[in-house]
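Report on the structure given below.
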Amino acid sequence: MPDWKDQVEIMVHQGKISVPYTWTVGRTLSKFYCLLRDHAQIWGNRCPSCNKVFVPPKVKCLYCYKDIFDWVELPGTGVLETFTVVHYEEPALHPKKAPIIYGVIKMDGADTGMVHLVDEVEPDQVKVGMRMEAVFAEEREGNIFDIKYFRPVV
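So, in structure tokens, the structure goes:
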């Protein structure tokens with residue numbers, strides 16, 4: 000029996016594929032984005048059963064699967080739990096020039112982390128455990144980039 004590898008031609012194509020799409024964010028994220036846009040405030044929501052606070056907010060608790068309706072305003076500060084530094088440019092994906100720092104910020108008062116840009120710190124100076132604060136865009140549109148980035152608290 001011949002080896003299947005001898006019968007398959009492997010082709011490699013260098014390039015990019017554009018996959019434009021849209022989706023609705025639903026009532027929970029709509030409220031989150033409206034509060035960002037209209038008030039420059041970060042809100043999460045609290046599970047009525049286990050009291051976990053989620054930011055960005057969730058429709059259902061990730062731990063006990065209860066519906067979540069209780070909203071909690073968060074102070075816009077938190078701790079950098081982990082990060083990565085991106086050293087390549089990809090204008091369609093990254094909102095600024097490399098190097099770019101993406102981090103997971105656990106907001107004060109929340110039980111989950113939020114992925115976002117980290118700025119105003121050099122890549123070789125960023126550290127897990129740094130205190131961070133949100134910097135809001137001056138002109139907000141109702142999306143996650145209404146938080147321009149997080150910066151170290153000095």
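Note that numbering that gives the first Met the number 0 has the sequence shown beginning at 0, numbered continuously upward. Beta carbons are placed, not taken as given, at the ideal position from N, Cα and C, and that holds for glycine. Given the structure is predicted, the values throughout are model-derived calculations rather than measurements.
- Selection G25, T83, L34, T23 evaluated against I146 yields L34 as nearest (Cα-Cα).
- As the crow flies, the alpha-carbon of E80 is around 30 Å from that of T21.
- Following the DSSP letters along the chain, one finds D69 in no alpha helix (DSSP H) but inside the beta strand (DSSP E) bounded by residues 69-73.
- Nearest C-alpha to L61 among V71, W70, N50: N50.
- In the three-state DSSP reduction, T21 falls in the coil class, being neither helix nor strand.
- Taking a contact to require three or more Cβ pairs closer than 8 Å, the region 133-153 and the region 24-42 qualify as touching.
- H115 counts as buried, since no fewer than 16 other beta carbons sit within 10 angstroms of its beta carbon.
- By the beta-carbon neighbour count (other beta carbons within 10 angstroms, threshold 16), F68 is exposed.
- For T27, same chain residues with a beta-carbon under 6 Å away, outside a window of 5 residues either side, are P56, V58 in chain order.
- Secondary structure note for L116: its beta strand (DSSP E) is the uninterrupted segment 112-117.
- With contacts defined by Cβ atoms closer than 9 Å, E121 and V134 do not form a contacting pair.
- Following the DSSP letters along the chain, one finds M131 inside the beta strand (DSSP E) bounded by residues 130-135.
- Shortest Cα-Cα distance from V52 to any of G128, P90, G112, R36 involves G112.
- Residue range 76-85 is occupied by the beta strand (DSSP E) that includes G77.
- For the region 30-72, the continuous beta strand (DSSP E) assignments of 3+ residues that do not extend past its boundaries occur at 41-45, in sequence order.
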